[in-house]
Amino acid sequence: MPIEKAQAVESTRLAELQTQLKAVVHTWPQDITLEIGCGHGHFLAAYAAAHPNEYCVGIDIIRDRLERAARKTTRANLTNVSFLLSDARMMVEHLPANMRLNRIFVLFPDPWPKRRHHKNRLIKPDFLDILAKRATPDATLYFRTDHEHYFEEAYSTLHNHPCWNINEREWPFEYETVFQSRAPAHQSFIAKVHKLA
Ligand SMILES: C[S@@+](CC[C@H](N)C(=O)[O-])C[C@H]1O[C@@H](n2cnc3c(N)ncnc32)[C@H](O)[C@@H]1O
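Just add 3 to the spot in the sequence shown (first one is 1) and you have the numbering used here.
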């Protein structure tokens with residue numbers, strides 16, 4: 004895509020995110036639970052119902068998945084969850100300055116299996132820097148995938164990152180996601196923020 008067109012798309016997406024944030028952010032507490040790539044919202048809707056004291060925000064870049072997610076929360080009368088259309092990096096970078104991420108779920112992120120596409124994977128050191136900057140001092144990142152190579156790469160990226168420590172804890176809440184239901188097996192790890200960047 005030519006640079007001017009890419010910039011125009013980016014600023015349209017940012018304007019859309021800012022409109023969505025403006026409509027809801029005043030109802031959020033300062034610390035939130037974020038699911039990145041929430042898809043149809045199965046996990047987050049169930050998680051929010053089971054954790055009424057947490058405010059949960061799900062983001063995805065596919066609009067119709069989010070519309071289905073929002074319908075689930077309305078049907079279940081959930082008041083502690085919002086779903087927003089946004090790229091992960093854009094959302095975290097444009098959260099209001101006082102807001103912090105306390106729990107971050109990344110469940111079955113796109114694995115970009117071809118070697119030349121690995122650079123598109125979400126879990127990269129610079130994205131972990133951005134997350135750490137917006138994390139509470141006790142923040143936890145939960146990662147799950149069915150893709151062996153992505154698991155190893157993400158584990159090692161977290162392990163070697165100065166702001167995050169792999170933490171052997173129990174998975175906090177089991178609820179099958181759409182991609183989990185299709186996967187023959189999966190692997191998970193949990194990381195705690197270690198030093199705010
Ligand atoms: C493989 S699906 C998994 C969906 C869901 N977590 C599940 O386990 O069923 C990955 C999801 O991440 C979303 N996604 C990909 N890149 C993203 C990004 N940069 N920011 C937010 N969501 C993203 C995709 O649109 C897709 O819905």
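Ideal Cβ placement from N, Cα and C applies to all residues, glycine included.
When the beta-carbon positions are compared, L37 and L98 stay at least 7 angstroms from each other. Boundaries of the alpha helix (DSSP H) around I133: 128-136. As summarised for the region 32-109, the continuous beta strand (DSSP E) elements at least 3 residues long and confined to that stretch are 34-39, 59-63, 84-88, given in chain order. The beta carbon of L17 sits no closer than 6 angstroms to any heavy atom of ligand 1. For a cut-off of 8 angstroms, the C-beta gap from P55 to N83 is around 6 angstroms, short enough to register as a contact. A49 is positioned such that its CB atom lies closer than 7 angstroms to that of Y178. Per DSSP, the beta-bridge partners of Q190 are T148. Bridge pairing for T143: R106, K195 [DSSP]. The straight-line gap separating the alpha-carbon atoms of I169 and S85 is approximately 28 angstroms.
Judged by DSSP in its simplified three-state form, N170 adopts coil rather than helix or strand. In this model, R118 and H152 are separated by some 10 angstroms (Cα to Cα). T160 and R68 have their C-alpha atoms spaced approximately 29 angstroms apart.
Collapsing the DSSP output to three states places Y158 in a helix. Put simply, the region 59-76 touches the region 38-48. At least three CB pairs are less than 8 angstroms apart.
Out of W115, R185, K198, the CA that lies nearest to the CA of A157 is found in W115. Between L110 and R147, the C-beta spacing is below 7 angstroms.
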